[in-house]
Amino acid sequence: MSAAAAATAPLRHSRPSPLNPNAATTATTARPSSVNTRTHLANLDRLLVRPPPLPLPLWPKKTAPADEPRDEVDDDRSGRGGLLNALNLSTLLPFTRKPAAEEMSPRSLAHMQRLLTLSPRPSPRGSIAAEWRRYHGEDAWEGLVDPLDQNLRREVLRYGDFVQAAYAAFHSMPASPSHGHGHGHGQHRTLVLPDRSYRPTRSLFATSSLSIPPWAQRQSAASRWLTQRTSFVGYVAVCDNEREVRRMGRRDVVIVLRGTATCPEWAENLRTGLVPVSDDDDDQHAPKVAKGFLSLYKTAGDQVPSLSDAIVEEVRRLVEVYKGEELSITVVGHSLGASLALLAADELSACLAADAESTCTAADGHRPPPIAVVSFGGPKTGNRAFADRLQQQRGVNVLRVVNAGDVVTRVPGLAIARPTAVAEGYAHAGGAELRLDSRDSPCLRPDAGPACCHDLEAYLHLLDGFAGSDRPFRADASRSVAGLLAYQRSNVKRAYVERARVLGFEPAMANGTGDGQYGYLASPT
84 MSAAAAATAP LRHSRPSPLN PNAATTATTA RPSSVNTRTH LANLDRLLVR
134 PPPLPLPLWP KKTAPADEPR DEVDDDRSGR GGLLNALNLS TLLPFTRKPA
184 AEEMSPRSLA HMQRLLTLSP RPSPRGSIAA EWRRYHGEDA WEGLVDPLDQ
234 NLRREVLRYG DFVQAAYAAF HSMPASPSHG HGHGHGQHRT LVLPDRSYRP
284 TRSLFATSSL SIPPWAQRQS AASRWLTQRT SFVGYVAVCD NEREVRRMGR
334 RDVVIVLRGT ATCPEWAENL RTGLVPVSDD DDDQHAPKVA KGFLSLYKTA
384 GDQVPSLSDA IVEEVRRLVE VYKGEELSIT VVGHSLGASL ALLAADELSA
434 CLAADAESTC TAADGHRPPP IAVVSFGGPK TGNRAFADRL QQQRGVNVLR
484 VVNAGDVVTR VPGLAIARPT AVAEGYAHAG GAELRLDSRD SPCLRPDAGP
534 ACCHDLEAYL HLLDGFAGSD RPFRADASRS VAGLLAYQRS NVKRAYVERA
584 RVLGFEPAMA NGTGDGQYGY LASPT
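Each residue of the sequence shown is one higher than the one before, counting from 84 in the working numbering.
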């Protein structure tokens, strides 16, 4: 389970979304392992203090004939339904996914019992006060990404867990009314951050400009949220722990945005035509972004302001509250949220620069707070002019965390079915790229499926173990694998699954079995 879900019990049983688009299959080339499975597992009992075996299996298992090898189980990842699995469309087009085969043993299980704990063990917090601007993206994180600096790893992991908290908060009450859209986080929604140094100050809602036809709308209260136009999409938070402020060297304001979760959001993802960011820009070479992303960012709801207005209003308020202090603004998102984060950073940079210019003289030496974007599995959002303006004119620092097998990071918008969009000039925002690879993990199968390659918890697992592009997975990586076992079990190596059962670990599923009312769901995100 992610650090966000572990921090608060009420969020542990949040229902996963069936509509977050996922990536295409990664390469299936296995990487050799020097550890013999039987020998290692035989020695493992001496390393772990284990409880008595459970009398019954924790998860349903396919029963194979006596003469059939246990590890040879059919896998339809590359066959019929593979793409539908990747896109998590099981609500609209139900199907049954078969268990995945296991063909490779993990390199190490010595820390299994510790890794199965629901309480994460983050890396020690070192002071970054003297170099906080460098860790916030000044000079594009030069010298910090590869090999990965341990302080940067910890900061980025924390931002990723903030996004997990947004997913968990949404799924805890997806159809709740959009109340509390002012300076609070809703009357009916539970939002608890994994790092209590930060305090949520405002909930954020995104509204689609599209209307779902009556025949497609869900009537039951349990699934009505799937077709609602306005949904909780994230929050704004500020670090209000003075010790943490001193450690970081500044007070950090964070804007957190989740990925796709509803039908209207999915429909907006498919609107990949490039449109000017501003109505005033009608030049052919003006900065442009995907129409669907801009729609979600700029459209106001019946009871809430647009995502754009809410973010700008709240950040301006916080800048005024903490006027005179050293501030930073970090916008973090996963998938769709990563694209919305770029739009927010672009607008915030212009607004705060204009505010500083109008309220201060040159003699004051006052500069607006630096803005950085941390993107997990983000698609291409706009054209080259937009990417250049973001980096060169706006001065926004962008750190793109990418899984080598995640196709979402390689497409314009999320339009897998619209190749003509490539010719329209889509480009990634400049900055630094932190490239991960599912095949480096000792826990994940080398042919991990498309859902796993785009899953946020898988991203955070890989990030925790990443040391450098030419270095092995960290032996002392301490992030819990509970989330992977709960939501990506078919992509976790069999030895880990079996040992988890022996150790008495039962992941928190949507309804205790993993087969919720929406069918097979590969990911909580």
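For every residue, glycine included, the Cβ atom is placed at its ideal position computed from N, Cα and C.
Q) Grouping DSSP H, G and I as helix and E and B as strand, with all else coil, what is C322? A) strand
Q: Would you list the residues sitting across from E327 in a DSSP beta bridge?
A: According to DSSP, E327 bridges with nothing at all.
**Q.** Nearest-angstrom beta carbon gap, G356 and K374 [assumed within contact, 8 Å]
**A.** 5 Å
**Q.** Minimum C-alpha distance to P283 - residue among R236, E221, C535, L340
**A.** L340
Q. Taking one C-beta from the stretch 397–408 and one from the stretch 457–470 each time, how about it: are there three or more such pairs within less than 8 Å?
A. no
Q: Rank L426, E327, D559, D547 by C-alpha distance to the C-alpha of S521 and give the top, closest one.
A: D547
Q | Whole-Å CB distance - G402 paired with L435, under 8 Å assumed | A | The amino acid at residue 402 is misidentified as Gly; the sequence shows Val. Sure, about 7 Å apart at Cβ, within 8 Å.
Q: Answer with buried or exposed for P529, where buried requires no fewer than 16 other C-beta atoms within 10 angstroms of its C-beta.
A: buried
**Q.** Supposed close pair S422, G461 - CB separation, criterion 8 Å
**A.** 6 Å
Q) In this structure, does DSSP put I394 in helix, strand or coil? A) helix
**Q.** Contact the stretch 336–354 vs the stretch 409–428: 3+ CB pairs below 8 Å
**A.** yes
Q) Under three-state DSSP, which class holds D530? A) coil
Q | Candidates L517, P359, L379, of which the one nearest W349 by Cα | A | L379
Q) V580 by DSSP, collapsed to three states: which one? A) helix
Q. Does DSSP classify T492 as helix, strand or coil?
A. helix
Q) Going by beta carbon distance, what residues of the same chain come within less than 6 Å of R241, once the five residues before and after it are set aside? A) D278
Q. For L276, which of helix, strand or coil comes out of DSSP?
A. coil
Q: Leaving aside the five residues before and after D523 along the sequence, list all residues of the same chain whose C-beta is less than 6 Å from its C-beta, in chain order.
A: F556
Q: Return the chain-ordered list of same chain residues with a C-beta closer than 7 Å to the C-beta of G513, the five sequence neighbours on each side being excluded.
A: A470, Q474, V481
Q | Cβ shell of D323 (< 7 Å), same chain only, five flanking positions each side left out | A | R282
Q: Starting from the C-beta of T492, find all residues in its chain whose C-beta is less than 7 Å away, skip the five residues before and the five after it, and write them out in chain order.
A: G460, G461, P462, V485
(Q) Taking the straight line between their C-alpha atoms, what separation do you get for V239 and P297? (A) 42 Å
Q. So G460 is in the beta strand (DSSP E); what residue range does that whole segment cover?
A. Here G460 belongs to no beta strand (DSSP E), and DSSP marks it neither H nor E.
Q) Exposed or buried, which one is D335 when buried takes at least 16 other CB atoms within 10 Å? A) buried
Q: Assign K145 to buried or exposed, taking buried as 16 or more other Cβ atoms, counted over all protein chains shown, within 10 Å of its Cβ.
A: Summary for K145: the model assigns pLDDT 38, below 50, so the residue's position carries little reliability, and this model does not support an answer.
(Q) Short of 7 Å in beta carbon distance, which residues of its chain neighbour E408, apart from the five on each side in sequence? Order them along the chain. (A) R334
(Q) Mapping the DSSP letters down to three states, classify T442 as helix, strand or coil. (A) helix
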